[in-house]
Structure formats: C-alpha cells, structure tokens
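Counting from 1, one number per residue, gives the positions in the sequence shown under full-length UniProt numbering.
Positions of the beta carbon are idealized from the N, C-alpha and C atoms, including for glycine.
These figures come from a predicted structure and were not determined experimentally.
Below is one structure, written out as structure tokens; the observations come after it.
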Amino acid sequence: MASSYGAKEEDGHHSGSAGLGGTAIRTRKPDNTAFKQQRLPAWQPILTAGTVLPAFFVIGLIFIPIGIGLYVTSNNIKEFE
C-alpha cells in the first residue's frame with residue numbers, strides 16, 4: 001500500500017451519498033486519512049551521550065530538592081502512642 005499522506009480516497013471509499021433514492025450509506029469503515037489510519041510521521045529522538053547525560057543531570061537537580069523536602073517532612077512527623 002502506498003504511503004501518501006494526502007490521499008483521501010486511495011481505496012475507493014466514498015463518504016458521500018450513494019445507492020437508490022439518494023440515501024446516504026453509512027459504513028463502519030473509517031475515513032482514509034493519515035490521522036484515522038495512524039500513518040502520521042513520528043519524531044525519532046537521537047540519543048547520544050551529549051544529550052542523555054545533561055538530561056539526567058537536570059532531572060537529578062530537579063528531584064534533589066524534592067527528596068530533601070520529603071526527608072525533612074518525614075523526620076518532623078510526631079507519632080502518638
């Protein structure tokens with residue numbers, strides 16, 4: 001099957017009125033669009049040491065204050081007996 005993203009009626013599927021008396025025939029077949037047929041182009045990230053290591057470093061810097069805050073909060077909890 002050709003992968004042309006702009007093809008509306010590649011397989012002959014028409015969504016207009018047809019048949020006797022001009023009544024519209026409703027089929028359960030989805031429209032032949034790139035979105036409904038899940039043929040959209042995808043983004044593929046390039047994972048190198050130059051991109052992954054700084055990302056891990058930044059994520060670590062974000063979570064260190066969160067961890068310190070949780071640790072301090074948990075140490076300040078008083079238990080009743």
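### Task
Note down the Cα distance separating L47 from S74, rounded to an integer number of angstroms.
Between L47 and S74, the C-alpha separation is close to 37 Å.
### Query
Cβ atoms of K36 and P30: under 8 Å apart, would you say?
Yes; because the gap between Cβ atoms is below 8 Å, this pair is in contact.
### Query
Helix, strand or coil: which one does DSSP assign to A49?
In this structure, A49 counts as helix in the three-state DSSP scheme.
### Query
Run through DSSP, which three-state label would I59 get?
I59: helix per DSSP, three-state reduction.
### Task
Kindly indicate which three-state DSSP category T33 falls into: helix, strand or coil?
Three-state result, T33: coil.
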